[in-house]
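Visitor: I'd like to ask you about the structure that follows.
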Amino acid sequence: MPRIRLKPVSRQTIVVTGATSGIGLATTRMATERGAAVVLAARNEDALRRLVEEIRGRGGRAEYQVADVADPVQVDAVAAKAIEAFGGFDSWVNDAGAFIYGRMEDVSLADQRRLFDVTYWGVVHGTLAAARHLRKRGGAIVNVGSVLGDRAIALQGPYCAAKAAVKNATDAFRMEFEGEGLPISVTLIKPGPIDTPFMEHARNAMGTRGTRNPPPSYHPRVAARAILHACETSVRDLYVGSAGWLTSVGSALAPRLTDYAMEMLAKPMQTSEDPGRAERRDNLYEPKEDLSERSSLAGPSPRGRSLLLDVQMNPGKAAAIAAGLAAALGAVLVSARASTSRLGHGRRW
């Protein structure tokens with residue numbers, strides 16, 4: 462196993478794709494709040510420019526490069542921009558993705574290929590560009606996958622398939638880099654439902670019905686926290702949110718039962734009568750309005766913390782707490798048993 466040394470985020474230059482919306486935007490802002498320099502990539506130049514101005518206005522360091530991650534030449538230009546502006550980068554976050562709601566039969570093959578070009582090939586292009594720079598320098602590549610890469614759900618078939626491909630590509634890259642002895646950490650982030658504008662940006666092949674996140678959802682900054690942890694700590698993967706993790710576990714243990722549950726719940730959990738804001742619909746081929754971390758659709762407030770993520774990020778502390786709780790519980794049970802024995806001596810119940 463290669464020895465991987467990762468810098469604290471405060472001393473890093475971090476590249477983020479999909480930086481102007483949702484998880485990518487939350488990650489960008491959190492990274493700069495912690496002192497990192499950032500190089501931002503997205504298709505919307507106006508949003509990129511405004512975001513860079515926002516960061517610089519707070520005293521941060523930021524540059525941008527317009528890029529469609531489906532094009533490897535444009536992705537290479539992002540790496541070149543980071544090298545030109547900051548002399549290189551320490552972490553690369555592949556967050557850009559595309560979304561489509563609809564039955565597999567109802568989504569055109571052209572749209573499905575476009576989704577794969579962005580969501581899967583974008584990750585491959587970014588990982589290859591990052592690895593060329595990090596082979597000697599060392600650093601982290603963080604790919605944003607999904608729990609839907611472990612377990613598909615109806616009405617998001619193309620997206621689930623692309624995220625499954627991201628999962629397997631990430632695992633292959635990791636094993637190959639380790640086998641070659643490269644000092645590159647490769648992490649897969651597996652968010653469950655996150656309260657981002659992806660619902661408004663998704664292409665909708667379900668007619669006039671709107672879309673929504675299956676509850677419970679989490680604030681994008683919870684996912685951003687996981688991403689930045691992976692930038693400075695070598696870890697294989699991180700789940701964000703316990704509900705998605707439980708679905709993955711349930712699918713592994715009882716796949717057919719999970720199928721039946723998904724078949725019953727998929728439509729009511731993912732659809733609504735609210736079509737959302739028309740100007741924010743569908744960015745599959747062209748960028749739309751950006752610079753929103755959270756969804757504009759009405760719904761329950763997202764959770765601001767994931768206990769499961771806390772446990773994964775602090776396994777030693779979590780083990781110590783679990784051991785302490787077990788010891789305390791054991792002491793209580795022993796004491797209760799002793800008290801019962803004294804009170805009930807010679808008595809039969």
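Numbering of the sequence shown is given in this note's numbering, commencing with residue 462 and proceeding in unit increments.
Cβ atoms here follow ideal geometry from the backbone N, Cα and C, with glycine treated the same way.
1) Have a look at L570 and R466 and give me their C-alpha separation to the nearest angstrom.
2) Where E740 and K749 are concerned, what is the direct C-alpha to C-alpha distance, given to the nearest angstrom?
3) Give the range of the alpha helix (DSSP H) segment to which E693 is assigned.
4) Per the DSSP calculation, V470 is bridged to which residue(s)?
5) Which term fits V568, buried or exposed, when burial requires 16 or more other beta carbons within 10 angstroms of its beta carbon?
6) Could you tell me whether the Cβ of G583 comes closer than 8 Å to any Cβ of chain B?
7) From what residue to what residue does the beta strand (DSSP E) around S646 run?
8) Once you ignore the five residues that flank D656 on each side, which residues in its own chain have a CB closer than 8 Å to its CB?
9) Taking the alpha carbon of I602 as the reference point, which residue from T588, A543 and Y721 has its own alpha carbon closest?
10) With DSSP as the reference, label I655 as helix, strand or coil.
11) If contact is defined by three or more beta carbon pairs under 8 Å, each pair taking one atom from either stretch, is the region 537-547 in contact with the region 705-724?
12) Taking its Cβ as the centre, do 16 or more other Cβ atoms sit within 10 Å of R635, making it buried, or is it exposed?
13) Roughly how many angstroms lie between the CA atoms of A615 and E724, to the nearest whole one?
14) Anyone know if the C-beta pair for A523 and V499 falls short of 8 Å?
15) Below 6 Å CB to CB, which residues in the same chain sit around M565 once its five sequence neighbours on both sides are set aside?
16) Per DSSP, N555 forms a beta bridge with which residues?
17) Applying the 10 Å Cβ sphere with the 16-neighbour rule, what's the burial state of N775?
18) Using 7 Å as the cut-off, classify the Cβ of A715 as near or not near the heavy atoms of the ligand GDP, replying yes or no.
19) So what does DSSP say about T719, is it helix, strand or coil?
20) Under 8 Å between the Cβ atoms of D556 and T488?
21) Taking Cβ positions, are G558 and V579 nearer each other than 8 Å?
22) So what does DSSP say about E724, is it helix, strand or coil?
23) DSSP three-state label for S703, please.
24) Who does R764 pair with in a DSSP beta bridge?
25) Beta-carbon within less than 7 Å of R598's beta-carbon, same chain only, minus the 5 sequence neighbours each way: which residues are those?
26) State the start and end residues of the unbroken beta strand (DSSP E) segment that holds L501.
27) Helix, strand or coil, according to DSSP, for Y581 in the structure here?
28) Could you give the first and the last residue of the continuous beta strand (DSSP E) run that contains Q526?
29) Which of the three DSSP states, helix, strand or coil, is assigned to G563?
30) Can you name the start and end residues of the alpha helix (DSSP H) that Y620 belongs to?
31) Between A508 and L752, how many whole angstroms is the CB-CB distance? I'm expecting something under 8 Å.
32) So, are the CB atoms of V647 and F659 less than 8 Å apart?
33) Is the distance from the Cβ of V608 to the Cβ of G705 below 8 Å?
34) What three-state label does DSSP hand S756 in the structure shown?
Guide: So, to answer that:
1) In a straight line, the C-alpha of L570 is about 43 Å away from that of R466.
2) With a pLDDT of only 46 at E740, under 50, the local geometry of the prediction cannot be trusted, and the value read off the model is given with reservation. Rounded to the nearest angstrom, the two C-alpha atoms are 7 Å apart.
3) Taken as a continuous stretch (DSSP letters only), the alpha helix (DSSP H) holding E693 covers P681 to E693.
4) DSSP lists no partner for V470.
5) A buried status is given to V568, since no fewer than 16 other beta-carbon atoms sit within 10 Å of its beta-carbon.
6) Annotation note: the requested chain B is absent from the structure, which comprises a single protein chain.
7) Secondary structure note for S646: its beta strand (DSSP E) is the uninterrupted segment I645 to P652.
8) By the criterion of a C-beta distance shorter than 8 Å, D656 is surrounded in its chain by N674, S678, Y679, H680, P681, R755, S756, G760 and P763, once the five residues flanking it on both sides are discounted.
9) Closest option to I602, Cα to Cα, is T588.
10) Here I655 carries a strand assignment [DSSP, helix/strand/coil].
11) Contact between the region 705-724 and the region 537-547 is absent, because fewer than three Cβ pairs lie under 8 Å.
12) Around the beta-carbon of R635, 16 or more other beta-carbon atoms lie within 10 Å, marking it buried.
13) Answer to the nearest angstrom: the Cα atoms are 7 Å apart.
14) Result yes, Cβ atoms of A523 and V499 sit closer than 8 Å.
15) Only G618 meet the Cβ criterion.
16) Beta-bridge partners assigned by DSSP to N555: N604.
17) With fewer than 16 other CB atoms across the displayed protein chains lying within 10 angstroms of its CB, N775 is exposed.
18) Questions concerning the ligand GDP fall outside what the structure shown contains, since it holds no ligand whatsoever.
19) Correct three-state label for T719: helix.
20) Their beta carbons are under 8 Å apart, which means D556 touches T488 by this criterion.
21) In this structure, V579 lies closer than 8 Å to G558 by Cβ.
22) Helix.
23) DSSP places S703 in helix when its eight states are reduced to three.
24) Looking at the DSSP assignment, R764 forms a beta bridge with Y679.
25) Excluding sequence neighbours, R598 sits near G549.
26) Here the beta strand (DSSP E) through L501 covers A498 to A503.
27) For Y581, the secondary structure class from DSSP, reduced to helix, strand or coil, is coil.
28) It spans R522 to V527 - the beta strand (DSSP E) in which Q526 sits, taken as one unbroken run.
29) In the structure shown, G563 sits in a strand (DSSP, three-state: E or B).
30) Where Y620 is concerned, the enclosing alpha helix (DSSP H) stretches over G618 to E641.
31) The Cβ separation is near 5 Å, so the contact holds.
32) Taking 8 Å as the cut-off, the beta carbon of V647 is found no closer than this to the beta carbon of F659.
33) In contact: V608 and G705 (Cβ atoms closer than 8 Å).
34) It is coil, neither helix nor strand.
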